[in-house]
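Undergrad:
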């Protein structure tokens with residue numbers, strides 16, 4: 003009896019081991035197929051993305067080629083799972099290229115952050131009485147200048163107190179009080195002001211004819227309402243948006259955190275004005291229009307020595323600067339038009 007149970011138990015153990023081995027082989031086979039499929043699909047997707055990037059001419063644009071992009075993450079994950087020699091080398095090369103471009107601009111981004119912090123502290127500590135004096139002086143210089151009086155269409159920002167921007171309230175009030183329909187033809191101007199559409203550097207300029215066209219946005223900044231004073235949708239009116247207007251703009255009045263006399267401008271980091279101005283410059287070139295003057299309004303504490311403001315290829319320079327001391331033309335276009343008033 004003992005021998006019978008001994009043989010039975012050994013047979014049971016042997017059968018169990020055989021079943022376990024078969025299941026293990028099936029599992030390994032499925033895993034291998036899955037890894038091959040992931041590798042094949044991942045490489046195919048990565049190659050398509052890389053080809054698109056090359057075709058668009060953006061391989062050298064570091065901000066679009068950070069190592070946190072989906073392509074880079076996918077390349078790292080695939081290489082880690084499969085470790086094929088050629089794919090690993092290609093992934094390392096691609097990630098290395100992106101990292102190198104990012105590394106080149108990272109020091110500039112850090113310098114910008116430090117300078118922004120410094121300028122914000124200077125603006126915060128600025129005496130309110132001095133700020134008011136400089137606001138009045140800057141606006142009076144603009145209003146009295148021949149280049150402002152002669153312009154027919156302009157884009158201007160609506161100043162925000164919490165951001166400590168140079169005040170534009172008197173300047174805008176003067177423009178809105180002299181509209182083409184009832185104002186002096188010599189001083190009447192068509193005014194466009196900004197509205198931020200989203201957080202992806204997308205800002206548009208819309209025409210307004212009065213303060214009733216404005217509403218407070220989520221950041222407590224005045225901007226054009228979705229509908230005008232007459233109840234018409236601004237999106238449906240092609241003449242309302244500056245990028246769809248039939249006639250060119252003569253002047254852009256822009257804010258910023260810091261400027262120098264070489265035309266460099268430091269914004270607040272979102273790139274709204276750089277993106278908008280770049281698009282309008284392209285539009286003016288396509289339509290053979292004269293480019294508008296890009297003029298920044300600046301307190302004295304915002305003017306830096308040359309070489310202080312770090313710049314990247316996406317930063318758009320200004321043509322002129324207006325401070326409490328006067329207008330400073332920088333580019334040849336500004337030197338020409340601001341001196342002769344056309």
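In our numbering, the protein residues as written are 3 to 344.
Don't be surprised by glycine CBs; every beta carbon is placed ideally from N, CA and C.
Taking residue 249 as the reference, which of 154, 107, 148 and 138 has the closest Cα?
TA: Within the chain shown, residue 249 is the residue found at index 247, counting from 1. Nearest C-alpha to residue 249: 154.
Undergrad: Check residue 194 in the structure and name its three-state DSSP category.
TA: Within the chain shown, numbered from 1, the residue matching residue 194 stands at position 192. Residue 194 falls in the strand class under three-state DSSP.
Undergrad: What distance in whole Å lies between the Cβ atoms of residue 235 and residue 226, which are believed to be in contact at a cut-off of 8 Å?
TA: Taking the chain shown and counting its residues from 1, one reaches residue 226 at position 224. Taking the chain shown and counting its residues from 1, one reaches residue 235 at position 233. At roughly 12 Å, the Cβ-Cβ gap does not stay under 8 Å, so residue 226 and residue 235 are not in contact.
Undergrad: Residue 136 and residue 326 look like a contact to me (Cβ under 8 Å); what is the Cβ gap, rounded to whole Å?
TA: Translated into the one-based positions of the chain shown, residue 136 becomes position 134. Translated into the one-based positions of the chain shown, residue 326 becomes position 324. Indeed they touch by this definition, with Cβ atoms about 4 Å apart.
Undergrad: If residue 311 and residue 260 are in contact, beta carbons under 8 Å, what's the gap, nearest whole angstrom?
TA: In the chain shown, the residue the question calls residue 311 occupies position 309. In the chain shown, the residue the question calls residue 260 occupies position 258. The Cβ separation is near 6 Å, so the contact holds.
Undergrad: For residue 263, which residues from the same chain have a beta carbon less than 8 Å from its beta carbon, with the 5 sequence-adjacent residues on both sides left out?
TA: The residue given as residue 263 occupies position 261 in the chain shown. Here the set comprises 305, 308, 323, 330 and 332.
Undergrad: Residues in its own chain within less than 8 Å of residue 121 by CB, not counting five upstream and five downstream?
TA: Taking the first residue of the chain shown as position 1, residue 121 is located at position 119. Contacts found: 259, 260, 268, 303 and 304.
Undergrad: Taking the beta carbon of residue 340 as the centre, do at least 16 other beta carbons fall within 10 Å, making it buried, or is it exposed?
TA: The count along the chain shown starts at 1 and reaches residue 340 at position 338. Buried: at least 16 other Cβ atoms inside 10 Å.
Undergrad: Using three-state DSSP, classify residue 249 as helix, strand or coil.
TA: As a working note, residue 249 is residue 247 in the chain shown. If DSSP states are grouped into helix, strand and coil, residue 249 belongs with coil.
Undergrad: Does DSSP classify residue 299 as helix, strand or coil?
TA: Walking along the chain shown from the start, residue 299 turns up at place 297. Looking at residue 299 - three-state DSSP - the assignment turns out to be strand.
Undergrad: Per DSSP, which one or two residues make a beta bridge with residue 216?
TA: Locating residue 216 in the chain shown gives position 214, counting from the first residue. DSSP lists 226 as partners of residue 216.
Undergrad: Please say whether residue 300 and residue 168 have beta carbons closer to each other than 9 Å?
TA: On the chain shown, residue 168 is found 166 positions in, with the first residue counted as 1. On the chain shown, residue 300 is found 298 positions in, with the first residue counted as 1. The answer is yes: Cβ separation under 9 Å.
Undergrad: Under a three-way DSSP split, which group does residue 292 fall into?
TA: Here residue 292 refers to the residue found at position 290 when the chain shown is read from its first residue. The answer is coil: DSSP assigns residue 292 none of H, G, I, E or B.
Undergrad: Quick one: Cα of residue 163 to Cα of residue 247, how far?
TA: Within the chain shown, the letter at position 161 stands for residue 163. Within the chain shown, the letter at position 245 stands for residue 247. So the alpha carbons of these two residues sit roughly 30 Å apart.
Undergrad: Should residue 207 be labelled buried (16 or more other beta-carbon atoms within 10 Å of its own) or exposed?
TA: Translated into positions along the chain shown, residue 207 becomes position 205. Buried.
Undergrad: Please identify the residue among 314, 315, 294 and 298 whose C-alpha is closest to the C-alpha of residue 335.
TA: Translated into positions along the chain shown, residue 335 becomes position 333. Nearest option by C-alpha distance: 294.
Undergrad: So which of 274, 321 and 281 has the shortest CA-CA distance to residue 200?
TA: Locating residue 200 in the chain shown gives position 198, counting from the first residue. That would be 274, whose Cα lies nearest to the Cα of residue 200.
Undergrad: Roughly how many angstroms separate the alpha carbons of residue 233 and residue 216, rounded to a whole number?
TA: For the purposes of this step, residue 233 is taken as residue 231 along the chain shown, with counting starting at 1. For the purposes of this step, residue 216 is taken as residue 214 along the chain shown, with counting starting at 1. Each residue's alpha carbon lies about 13 Å from the other.
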